[in-house]
């Protein structure tokens, strides 16, 4: 699937309606987004994926597993409205003398998986939902890759946002985002330990240590008093 903003917007909104039907979310491309440069109240999610490129000058095509896609997300609880701004980093042909930066082409399956990961991050970072086990669905490495990453022809690398190696795994196609609240635990799976429980356990251990030390001090004082009285 080519980088079609209309398809991405529609797919994203359909996925959000499945998990938050009463809330409105929009997805907007923004070429000005930069990693870790966020407006107040916004959160970030980024992922590297596999994609195919084709040069508009010489028609040469190449594959890459280091394509950076960046999202900035904002949720307004008062308006029940959320915004997502998205930037897909481009690459240019290494054969042409004056190449242009070309947008990637994504497979339909990886597009679906990528947007499901985005929905997961929104539920996690904007709604503070809690989840079990797997956090992301890996993209599929269904294109052949040859040679090393041409960092001097990668927009992300040239701007200082170098994409690290991407590990890809082929998983079953069916996956549906599921929301787990703090009180919900899937049968047979233990929930994440809450910060409150962790703090409580730590406080209990600390209290026990303090009591032990106090008891030892009292016993020592009693022994000293007894010895002093005996010698007198």
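Numbering (the UniProt record's numbering), first residue to last: 1 to 232.
Beta carbons are placed, not taken as given, at the ideal position from N, Cα and C, and that holds for glycine.
Note that the coordinates shown come from a computational prediction; the quantities given were computed from them, not determined experimentally.
Exercise. Taking Cβ to Cβ, would you say residue 95 is nearer than 8 Å to residue 58?
Worked result: Yes, the Cβ-Cβ distance between residue 95 and residue 58 is below 8 Å.
Exercise. Are the stretch 65-85 and the stretch 27-43 touching, with three or more C-beta to C-beta distances below 8 Å?
Worked result: Contact between the stretch 65-85 and the stretch 27-43 is present, because at least three Cβ pairs lie under 8 Å.
Exercise. For residue 42, which residues does DSSP report across the bridge?
Worked result: Bridge partners of residue 42: none, in fact.
For this session: Under the assumption that residue 100 contacts residue 19 (Cβ atoms under 8 Å), give the Cβ distance between them as a whole number of angstroms.
Result: At roughly 38 Å, the Cβ-Cβ gap does not stay under 8 Å, so residue 100 and residue 19 are not in contact.
For this session: Count the other CB atoms, across all protein chains shown, that sit within 10 Å of the CB of residue 6; report buried if there are 16 or more and exposed otherwise.
Result: exposed
Problem set entry | Residue span of the alpha helix (DSSP H) that contains residue 118, given as start and end | 108-125
For this session: Return the Cβ separation of residue 25 and residue 16 in integer angstroms, given the expectation that the two are a contact with Cβ distance under 8 Å.
Result: Indeed they touch by this definition, with Cβ atoms about 5 Å apart.
Problem set entry | residue 88 - DSSP class collapsed to helix/strand/coil | Assigned with DSSP and collapsed to three states, residue 88 falls in strand.
For this session: Could you tell me which residues DSSP pairs with residue 156 in its beta bridges?
Result: Answer is none; residue 156 lacks a bridge partner.
Problem set entry | Chain-order list of residues whose beta-carbon lies under 8 Å from that of residue 104 (same chain, five-residue window excluded) | 3, 51, 52, 53, 64, 67, 88, 90, 91
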